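Participant: With my numbering, the residue at position 141 of the sequence shown is 141, and numbering never jumps. C-beta atoms are modelled at their ideal positions from N, C-alpha and C, and glycine is treated no differently. Keep in mind the model is a prediction, meaning the values are calculated, not measured.
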Amino acid sequence: MATAYQQAQREGQDVVRTAILDTATHLLVTEGPGALTVRRIAGEAGCSTKVIYTLFGGKDGLVEALWLEGFARFERRLRAAPKSARGERPPHVTPEGEHGERRLLAGSLADPLAGPPAEPSTPDGARFGYGTRAGSLTDPPADPLAELRAGLDAYRDYALAEPDYYRVMFQGAVPGFNPGPEAVEAAGRSFDLLVHAVRACLEQGLLRGGTAREIADLLWMAVHGAVSLEITGFFAPPESARRYRALYAAVLAPFLLPPDLPDDDPAGVPGGEVRELSYEESVERTAS
1 MATAYQQAQR
11 EGQDVVRTAI
21 LDTATHLLVT
31 EGPGALTVRR
41 IAGEAGCSTK
51 VIYTLFGGKD
61 GLVEALWLEG
71 FARFERRLRA
81 APKSARGERP
91 PHVTPEGEHG
101 ERRLLAGSLA
111 DPLAGPPAEP
121 STPDGARFGY
131 GTRAGSLTDP
141 PADPLAELRA
151 GLDAYRDYAL
161 AEPDYYRVMF
171 QGAVPGFNPG
181 PEAVEAAGRS
191 FDLLVHAVRA
201 CLEQGLLRGG
211 TAREIADLLW
221 MAVHGAVSLE
231 ITGFFAPPES
241 ARRYRALYAA
251 VLAPFLLPPD
261 LPDDDPAGVP
271 GGEVRELSYE
281 ESVERTAS
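Shown next, in the form of C-alpha cells:
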C-alpha cells in the first residue's frame with residue numbers, strides 16, 4: 001500500500017503529466033508539428049525538459065502519450081453516456097404491440113431536429129453499449145436505440161470539448177506518426193463501444209439489414225465528417241446540433257424496417273410478408 005506521501009507524489013505527477021500533454025496538443029494544432037519540441041513544450045508548460053524526458057522518454061513517447069490520452073478521455077465520455085436519452089420504450093410490449101413500438105422508435109429518429117428532452121437519471125455505473133452493471137456485456141440494455149443515440153451525441157460532445165485531441169486522434173495532426181500496439185488497442189476499444197451498441201439494437205429487432213460492424217462503420221463515417229466540419233468552423237454550434245442528429249437519423253433510417261410496406265417495395269414480398277433487406281439494399285434505399 002502506498003504511503004500518503006507516495007500517493008501525493010503520484011497525484012502531483014499525474015497533474016504535471018496532464019498539463020504537459022494538454023500544452024503539447026495545443027501547440028501541435030495551433031502552430032503545427034514544428035512546434036512540438038521538448039524545449040518548446042517545457043517552456044510553455046512551465047517545467048524542465050528533464051521532467052518531459054522522465055515522464056515520456058522524449059518526443060516520440062510524448063506523441064504516443066497524446067494519442068493514448070485522447071482515446072482515454074474519449075472512451076470515458078462514451079462510457080458515461082446516459083442509458084436512456086429519450087425514455088420512449090414502453091415498460092412492456094405484447095406481440096400485438098411490437099409494430100407500434102417500432103413505429104414509435106422510428107418516429108423518434110425521424111424527428112431528430114427537436115433534440116432530446118430532459119434525460120432521466122441513470123444508475124451508477126451505466127455504460128454506453130452495455131447493461132446496467134459496469135462492464136457487463138450480458139445484460140440487455142433497457143432501450144438500446146436510445147443508448148445508441150446517446151453514444152452518438154457523446155461522440156460530438158467529445159469532439160467539441162477536446163478539439164485538439166480529436167485532431168490528433170482522427171485528423172493526422174502528427175505527420176508520420178504510427179501508433180504502437182497499445183495505442184491501436186485503445187482506439188479499437190472506443191470503436192467497439194459503438195459496435196456493441198448497434199449489436200444490442202440488432203439483437204432486439206430494432207435494426208436490421210446489416211451487421212453490427214457494417215452499420216457502425218456507416219455511423220462513424222457520418223459523425224466523423226460532421227464533427228470534423230464543425231470543429232473546423234464551418235457550422236455554428238446551434239445549427240450543427242440539429243444537423244448532426246438529422247444526419248445520424250438518416251443513416252439509421254433504412255435499417256429501421258417499417259412494419260407495413262407495399263408489395264412493390266424492394267423489402268416486400270407477395271402476401272404482405274416482409275423480408276429482411278440485405279446490407280447493399282439498405283444502403284441503396286438510403287441513397288435513393
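Please state whether DSSP places F170 in a helix, a strand or coil.
Facilitator: F170: helix per DSSP, three-state reduction.
Participant: Go to T232, then tell me how far its alpha helix (DSSP H) extends in each direction, as first and last residue.
Facilitator: Note, T232: alpha helix (DSSP H), 212 to 232.
Participant: Should the region 173 to 187 be called in touch with the region 234 to 249, which here means at least 3 C-beta pairs below 8 Å?
Facilitator: No: fewer than three Cβ pairs fall under 8 Å.
Participant: Does A35 come within less than 7 Å of chain B when only Cβ atoms are used?
Facilitator: Note that chain B does not occur in the displayed structure, where there is just one protein chain.
Participant: Sorted by chain position, which residues of the same chain lie with C-beta nearer than 7 Å to T23's C-beta, five sequence neighbours on each side aside?
Facilitator: Excluding positions up to five away in sequence, the list reads I41, E44, A45.
Participant: Quick check: the region 197 to 208 against the region 52 to 68, are there 3 or more CB pairs under 8 Å?
Facilitator: Short answer: they don't touch.
Participant: Who are the Cβ neighbours of K59 in its own chain at under 8 Å, not counting the five residues just before and after it?
Facilitator: Excluding residues within five positions, the ones whose Cβ falls inside 8 Å are L36, T37, V38.
Participant: Taking the alpha-carbon of A224 as reference, which of A236, D153, G34 has the nearest alpha-carbon?
Facilitator: Reading off the sequence shown, one finds His at residue 224, where the question assumed Ala. Measuring from the Cα of H224, the nearest candidate turns out to be D153.
Participant: Could I get the ranges of all uninterrupted alpha helix (DSSP H) runs contained in the region 5 to 57, with 4 residues as the minimum, in chain order?
Facilitator: List check, alpha helix (DSSP H) in window: 38 to 45, 49 to 56.
Participant: Ordered along the chain, which non-local residues of its own chain (more than five positions away) have a Cβ less than 7 Å from that of D164?
Facilitator: Around D164: T25, H26, V29.
Participant: Tell me the DSSP secondary structure of P238 in three-state form.
Facilitator: Three-state result, P238: helix.
Participant: Quick check on R245: does DSSP put it in helix, strand or coil?
Facilitator: Helix.
Participant: Residues in its own chain within less than 6 Å of E98 by CB, not counting five upstream and five downstream?
Facilitator: Confidence in E98 is poor, its pLDDT being 34 and thus under 50, which makes the residue's placement unreliable; the coordinate value appears in the next sentence. Result list for E98: empty, nothing under 6 Å.
Participant: Checking 7 Å against the spacing of the C-beta atoms, do E75 and S190 come in under that value?
Facilitator: Going by C-beta atoms, E75 is nearer than 7 Å to S190.
Participant: Less than 7 Å separating the beta-carbons of V251 and A216?
Facilitator: No; because the gap between Cβ atoms is not below 7 Å, this pair is not in contact.
Participant: Do you know how far the Cα of D143 is from the Cα of R79?
Facilitator: Approximately 16 Å, taken between the alpha carbons.
Participant: Just the C-alpha distance for L55 and A226, rounded to the nearest angstrom, thanks.
Facilitator: Cα-Cα distance, rounded: 35 Å.
Participant: Would you call A236 buried or exposed, if buried means 16 or more other Cβ atoms sit within 10 Å of its Cβ?
Facilitator: Counting Cβ neighbours within 10 Å, A236 comes out exposed, since fewer than 16 surround it.
Participant: Helix, strand or coil, according to DSSP, for P179 in the structure here?
Facilitator: Of the three classes helix, strand and coil, the one that applies to P179 here is coil, per DSSP.
Participant: Shortest alpha-carbon distance to G233 belongs to which of V15, I20, G151, L160?
Facilitator: Out of V15, I20, G151, L160, L160 has the C-alpha closest to the C-alpha of G233.
Participant: Rounded to whole angstroms, what is the Cα-Cα separation between G32 and V168?
Facilitator: One C-alpha to the other measures close to 11 Å.
Participant: Can you give me the start and stop residues for the alpha helix (DSSP H) that R76 sits inside?
Facilitator: Segment 59 to 79, the alpha helix (DSSP H) holding R76.
Participant: Tell me which residues share the same chain as V51 and place their Cβ nearer than 8 Å to its Cβ, disregarding the 5 neighbours each side in the sequence.
Facilitator: Hits under 8 Å: V16, I20, A42.
Participant: Going by CA-CA distance only, name the one from L193, A183, Q171, Y53 that's closest to A212.
Facilitator: Comparing Cα-Cα distances from A212 to each of L193, A183, Q171, Y53, the minimum goes to L193.
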